[in-house]
Each structure stands twice: as C-alpha cells, then as structure tokens.
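In this note's numbering, the protein residues as written are 2 to 333.
We put the beta carbon where it would ideally sit given N, CA and C, even for glycine.
For reference, the structure discussed in these notes is given below.
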Ligand SMILES: Cc1cc2nc3c(=O)[nH]c(=O)nc-3n(C[C@H](O)[C@H](O)[C@H](O)COP(=O)(O)OP(=O)(O)OC[C@H]3O[C@@H](n4cnc5c(N)ncnc54)[C@H](O)[C@@H]3O)c2cc1C
C-alpha cells in the first residue's frame, strides 16, 4: 500500500464554476494533506471544465487533474466510473474525498467496489489518526442519535462529505500549482444510458443553504397555510423558510426545505425554530447556526436546550406579534 500517496478531492462544477461543495472539499482536503505532509490534488471530470483547474489551485490544490471530454458533458455513472478508476490507478491517492451529492453518492460506492476498497458515505468530519495516519471518518449512525468513527484499512480510503461540513479556504490567486490533463479514452458503447431531459429545481428567493436567516417550522405549524406566516417573516428578514421532516412529508412545504440528517445542513447567522421539538435528527442539520431562537409551547422541548433565546408560548400568538414589531422597526 506504500505507493498510495496524497489526498484527492473530486470537484464538481455548476454553471461553469466550481460548486460550493468542491471549494469546501479543497479546504478540508488541504488540512488532511498538510496533516499527512503530502500533496492535495483536485480532479475535474466533465466537458469544457479545463479552465476550472486553475480555480481549484487558487482554492488550495497543489495539482489539478483534468479529464475534459464531450462524452462527459452530463454525469453518467458508466462513463464517470471508468474515468475515475483510470485517474485513481494513475495518481494512486491515499485518500479520495467527494461531496455527498447525487453524483458523489452514486460514484463513491461503485468506484470503491471497482478498486477493491471501501467508501464511507455522508461523513460529517474527517481527520488523520496521528498514530496510524489512517483517515478517521465520522458519520451519523442509528438514525442520527449517535456518531461513529470508521477507519478503512485499504487504499484509497474513500469518503463522501456532507455540504457545509468543511470550510473553504479564501481564494488566493497567488497559489501556484500544476495542471495535468488525462485523456478520457472512452468507448461510447460503454455508456449504456443517455440523458433525455434536465429539469432545473425551481427555487424562489434565497437558497436555504445560502440564507443568513432561516425561519424553520415543525409539525406544530399544522398546515401549509400556517407556513405562509413563516414565509412572511422570512421575507422581512431577507431569509428562507426551512422545516423539519413532518411538514415536508405532509406536503405543507417542498421536500427541499427539510433541514437535518436526511435534509440539508445549514449554518445561518440566525435560525428561528418555530413549533419544532429539536430532535437530534433535525439538530444535526442546524446546530452550526450562530444564534438559534425557539418558539415552542412546551417548556421542556429539547430545542430550548439548543437555543440562545426562547419564547414559551403558542406560535400563533407569538409569531404575529414578533412579525408586527419587526415591521414597525423596519418602517422607522
Ligand atoms: C433516519 C431518520 C432520519 C430523519 N431525518 C430527519 C431530518 O433530516 N430532519 C428532521 O427534521 N427530522 C428528521 N427525522 C425525524 C425526527 O426524528 C423527528 O421526528 C422530527 O424532526 C420531528 O419534527 P418536529 O420537531 O417538527 O415534530 P415534533 O417532535 O412532533 O415536535 C412538534 C413541536 O411543536 C410544538 N408545538 C405544537 N403546537 C405548537 C404551538 N401551537 N405553538 C408552539 N409550539 C407548538 C410541540 O410542543 C413540539 O415540541 C428523521 C428520523 C429518522 C428516523
């Protein structure tokens, strides 16, 4: 195993730019590589993505491997697994990190199988064990009620990492690195699927992941109508609306609004938690918020243990009073 060396971050692109998950992986990967005293490389796979190699270097990579081929225009499992297997066999990284995205979730386990190694999906934290120098992969288990650390004894050690779990470095144009092109060499007949149509997700207003203020509602809101009041408050605060799982399951809000273990991880400045109990599964998605404010009628609700400020009361009374006061203050 001695020939495996370095950390590799699989970088995804969106709309011609490095996706935020990619800059996060480069930030986290840089730390892992420094702890090992080894190099961090980025790998970019796609069509027309060569210009992003330099960006990956500005965000922390020592080297950027680029596989640019029209056949890689859209993510297709067959093509990407073949290409990534080739890249890994050529570069032989000790650690390969990917985002816990639809691509990462599909690619990581298939690649691990091909390479005769293992993959840990949905990690919250990665670190280097000071003694063994193996990758410590922390991820939620038992439905988010506990966290376990996994160690893989085969190389490359592959892990997917959840959004916002790692912090990007400042973009630094003075960072120098090497860009290396690898030919895809794909046989088109190896790709057994084709993309028929792409439907972009419609997001009104600010994306939950980017919002600095989130007004989140739980089961206690009771209806889609109730969530309209949360929307009004979030609009005033230039924020976004989030939810626990029950309102999403009940169709009161879109599934994309779910925050938590099986939803999104958010880290806003202000998280207003309305009529939600503060389950561990929900908190694993919002505990990184700078300030949590809770409104709940049950003084024993767990959310009060997590919140900096709290109001014990019926949200139907508290929220309109809060919203009206805010309107008054904003009008001044
Ligand atoms: C594998 C797994 C993954 C999961 N993933 C997620 C996830 O990603 N995100 C997530 O959120 N959940 C997730 N869950 C579900 C999670 O366990 C909880 O069931 C869920 O978070 C509870 O949502 P809640 O707080 O809205 O509802 P409840 O726990 O029922 O709490 C409702 C709260 O509203 C309060 N309330 C009711 N009426 C009012 C009122 N009029 N005024 C003020 N307060 C009021 C109540 O006092 C109570 O505290 C997951 C569960 C499992 C098993």
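In three-state DSSP terms, what is residue 148? Residue mapping note: residue 148 aligns to position 147 of the chain shown, counting from 1. Residue 148: strand per DSSP, three-state reduction.
Where does the unbroken beta strand (DSSP E) through residue 69 begin, and where does it stop? On the chain shown, residue 69 is found 68 positions in, with the first residue counted as 1. Taken as a continuous stretch (DSSP letters only), the beta strand (DSSP E) holding residue 69 covers 64-69.
Residue range of the unbroken alpha helix (DSSP H) whose run includes residue 114: Counting from 1 along the chain shown, the entry for residue 114 is found at position 113. According to the DSSP assignment, residue 114 belongs to the alpha helix (DSSP H) that extends over 103-115.
Name the residue from 47, 243, 285 whose alpha carbon lies nearest to the alpha carbon of residue 182. Taking the chain shown and counting its residues from 1, one reaches residue 182 at position 181. Ranking 47, 243, 285 by Cα distance to residue 182 puts 47 first.
Exposure label - residue 175; buried when at least 16 CB within 10 Å: Residue mapping note: residue 175 aligns to position 174 of the chain shown, counting from 1. Looking at its Cβ environment, which holds fewer than 16 other Cβ atoms inside 10 Å, residue 175 is exposed.
Look at the alpha carbon of residue 112 and the alpha carbon of residue 315, and state the distance between them as a whole number of angstroms. Taking the chain shown and counting its residues from 1, one reaches residue 112 at position 111. Taking the chain shown and counting its residues from 1, one reaches residue 315 at position 314. For residue 112 and residue 315, the distance between alpha carbons rounds to 51 Å.
Per-residue burial, residue 198 [other beta carbons within 10 Å of its own, 16 or more giving buried]: Translated into positions along the chain shown, residue 198 becomes position 197. It counts as exposed.
Short Cβ contact (8 Å threshold) for residue 120 with residue 159: If you number the chain shown from 1, residue 120 lands on position 119. If you number the chain shown from 1, residue 159 lands on position 158. Remark: C-beta atoms of residue 120 and residue 159 approach each other more closely than 8 Å.
State the DSSP-derived secondary structure class of residue 85, mapped to helix, strand or coil. For the purposes of this step, residue 85 is identified with residue 84 of the chain shown, where counting begins at 1. If DSSP states are grouped into helix, strand and coil, residue 85 belongs with the helices.
Using the three-state DSSP reduction, which class does residue 50 fall into: helix, strand or coil? The residue you call residue 50 lines up with position 49 of the chain shown. For residue 50, the three-state secondary structure derived from DSSP is coil.
Roughly how far, in whole angstroms, is the beta-carbon of residue 222 from the beta-carbon of residue 79, given that I think they are within contact range, below 8 Å? Here residue 222 refers to the residue found at position 221 of the chain shown. Here residue 79 refers to the residue found at position 78 of the chain shown. 44 Å between Cβ atoms; not a contact.
Just to confirm my understanding: we take residue 189, look at its own chain, exclude 5 residues before and 5 after, and list those with CB closer than 8 Å. What are they? Against the chain shown, residue 189 aligns to sequence position 188. Correct list, in chain order: 72.
Count the C-beta pairs between the region 250-262 and the region 139-149 that are closer than 8 Å, then say yes if the count reaches three, no if not. They touch, by the three-pair rule.
Taking the straight line between their C-alpha atoms, what separation do you get for residue 220 and residue 101? Taking the first residue of the chain shown as 1, we reach residue 220 at position 219. Taking the first residue of the chain shown as 1, we reach residue 101 at position 100. Cα to Cα, the separation comes out at about 27 Å.
CB of residue 178 within 8 Å of CB of residue 265, strictly: Sequence index remark: in the chain shown, residue 178 carries index 177 (1-based). Sequence index remark: in the chain shown, residue 265 carries index 264 (1-based). Cβ atoms of residue 178 and residue 265: not closer than 8 Å.
So does the region 128-140 actually touch the region 51-59, counting three or more Cβ pairs closer than 8 Å? The answer is no - the region 51-59 does not touch the region 128-140, with fewer than three Cβ pairs under 8 Å.
Comparing C-alpha positions only, which one of 60, 55, 217 sits nearest to residue 25? Along the chain shown, read from residue 1 onward, the residue named residue 25 stands at position 24. Ranking 60, 55, 217 by CA distance to the CA of residue 25 puts 60 first.
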